[in-house]
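To start, the structure itself, in structure tokens.
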Amino acid sequence: MQHRIVVLGAGYTGAVAAGRLARRLHTDDVTITLVNAEPDFVERVRLHQLAVGQELSPRPFDEMFAGTGVRLKLAEVTAVDVDRKAVTVQAGEGPEELAYDTLVYALGSGWNDGGVPGASLHAHEVSSRRGALRLRERLAALEAGRPVVVVGGGLTGLEAATEIAEARPDLDVHLLTRAGLGDWLSRKGRDHLRKVADSLGITVHEHAQAAEVAEDRVTTADGTVLPSAATVWTTGFAVHPIAGATGLELTDGGQIAVDPTMRSLSHPDVYAVGDAAMALGPDDRPLRMSCASGVPMAWQAADAIAARLAGVKVPHVPIRYYQQCISLGRKEGLIQFVTADDRAVEKALTGRTAALYKEIICKGAAWGVANPTLGMPTRRRRTAPAAQAPAAAAAAPSGAAA
């Protein structure tokens with residue numbers, strides 16, 4: 458019997474995990490089903506570009522996984538039953554149940570309104586293609602001089618604000634940040650960020666927190682009212698709500714608790730990668746929600762699954778950080794080099810060199826999805842006999858000996 462592997466979600470982490478498993482395991486021994494609601498890969502790190510009207514190259518999964526053995530199931534995941542080892546999906550023909558022997562949960566995250574009144578109703582988000590296209594439509598309809606308020610001064614907020622200001626210099630762009638502008642960066646990084654914001658005409662409101670969002674304004678905690686024809690919300694990410702209904706052990710933040718191989722602490726036949734999982738990096742610091750964390754998590758999970766099924770030693774490569782790459786429009790960028798546990802060092806790249814560096818990183822991330830072993834030769838292992846037992850037991854008639 459073939460061992461059934463089901464991967465939920467085809468963002469960077471899910472797609473990488475599925476493709477890497479397909480290159481690690483023999484197609485006679487396993488089936489790999491990748492469930493995703495869209496037929497194309499979404500470059501989440503470029504959604505701020507999509508929001509301002511730039512066109513992104515289509516990346517169909519049919520082409521990406523051609524000849525690998527990965528089966529794409531176009532459907533939306535509606536439920537996960539980890540006790541019955543079954544996933545319910547909603548496809549065009551109606552609800553369907555997929556049984557699994559090993560599950561890779563990679564449904565990721567969406568935007569987090571933080572419970573701020575009016576945010577979910579009136580603000581725009583750029584964490585999904587649908588949200589970016591909705592914002593794109595809104596920005597295109599704005600006349601010159603209209604105010605746009607970007608709430609959140611993290612990486613996503615910086616990229617969104619600078620991209621909008623560069624693409625639409627006729628708009629009045631404001632950036633609302635709870636702390637100082639780029640306060641986690643090195644001095645060089647902070648200075649360059651402020652220089653770019655000033656050159657693009659962005660009004661930065663530091664140490665300010667949004668308390669309420671209305672259709673035409675944002676009110677801060679100190680009562681300041683900022684007129685807004687389009688409010689962009691980038692204060693952080695929230696785990697996909699299905700995780701909370703799976704029965705898996707979760708952290709206080711709603712992420713799936715995993716071991717160093719990305720295996721669920723409560724259900725050993727489930728692995729979680731990307732924003733959905735809470736894994737530890739250097740000095741036992743939680744990995745931040747990002748592509749930089751998610752892709753190596755996917756490598757680790759795929760290699761661990763393949764090794765366990767083949768009955769060989771499970772590899773473990775510690776996950777660490779090297780840099781934070783920030784687009785500041787198409788002509789400017791900031792590459793902040795960091796320690797292994799993601800703290801800024803003084804070294805940083807700025808300007809056009811940094812913009813080119815970031816573009817190479819983005820293209821490399823997309824290439825890595827289609828080439829999950831990074832072009833290195835691989836050997837598809839045969840699964841050990843014990844790995845077939847779960848699938849055989851599931852297929853046996855009721856009352857039959859396994």
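Quick note: the sequence shown uses my numbering, first residue 458, plus one each step. Note that CB positions come from ideal geometry on N, CA and C, so glycine has one too. Model, not experiment: these values are computed from the prediction.
Unbroken alpha helix (DSSP H) runs of no fewer than 4 residues, entirely contained in the region 473 to 552, are found at 504 to 508 and 518 to 521, following chain order. Nearest C-alpha to H505 among S584, F522 and R839: S584.
In this structure H773 is exposed. Its beta-carbon is surrounded by fewer than 16 other beta-carbon atoms within 10 angstroms. Under the three-pair Cβ rule at 8 Å, the region 648 to 657 does not count as touching the region 572 to 584. Secondary structure of Y779 (DSSP, three-state): coil. Minimum Cα-Cα distance from L507 among the listed residues A474, D679 and E594 corresponds to E594.
Under the DSSP assignment, A687 falls outside any alpha helix (DSSP H), being part of the beta strand (DSSP E) whose first and last residues are A687 to W690. Nearest neighbour of A823 by Cα position, chosen from G468, V464 and H460, turns out to be G468. Under the three-state reduction of DSSP output, S585 falls in the coil class, being neither helix nor strand.
In the structure shown, L612 adopts helical secondary structure according to DSSP, grouped into three states. Put simply, of C782, R461 and E789 the residue whose alpha carbon is nearest the alpha carbon of K804 is C782. Straight through space, the alpha carbons of A695 and W568 are spaced by roughly 6 Å.
From the listed residues A617, A494 and T708, the smallest Cα separation to V606 is found for A617. By the criterion of at least three beta-carbon pairs nearer than 8 Å, the region 816 to 834 is in contact with the region 468 to 487.
Look at W568 here: in three-state DSSP terms it is strand. Annotated three-state conformation of L633 is strand, per DSSP. Under the 10 Å beta carbon count, V682 is surrounded by fewer than 16 other beta carbons and is classified as exposed.
Distances from the alpha-carbon of P775 to those of I621, A758, V769 and I762 put A758 closest. In the displayed model, R765 falls within a helix according to three-state DSSP. According to the DSSP assignment, H460 belongs to the beta strand (DSSP E) that extends over H460 to L465.
By the 16-neighbour rule on beta-carbons within 10 angstroms, S514 is exposed.
Beta-bridge partners assigned by DSSP to P698: none are found.
For P717, the closest of A668, L707, G704 and G738 by C-alpha to C-alpha distance is G738. Three or more Cβ pairs drawn from the region 521 to 533 and the region 475 to 488 lie within less than 8 Å of each other, which places the two stretches in contact. Residue environment: K820 is assigned as exposed (fewer than 16 neighbouring CB atoms within 10 Å of its CB, all protein chains considered).
A straight line joining the alpha-carbon of A702 with that of V537 spans about 8 Å. Look at E623 here: in three-state DSSP terms it is helix. In the three-state scheme derived from DSSP, where H, G and I count as helix and E and B as strand, S721 is classed as strand. Contact holds between the region 723 to 737 and the region 698 to 715, because three or more Cβ pairs, one in each stretch, are under 8 Å apart. Here L813 is exposed, its C-beta having fewer than 16 other C-beta atoms within 10 Å. With three or more CB-CB distances shorter than 8 Å, the region 828 to 842 counts as touching the region 479 to 492. For D740, the CB contacts under 6 Å within the same chain, skipping 5 residues up- and downstream, are D798 in chain order. Excluding five sequence positions before and after A601, the CB atoms of its chain that fall closer than 8 Å to its own CB belong to D627 and L628, given in chain order. Beta-bridge pairing by DSSP links P743 to L737. Nearest Cα to R625 within the set A598, D558, P743 and R635: A598. Pairing L650 with V509 gives a Cβ-Cβ distance that is not under 9 Å.
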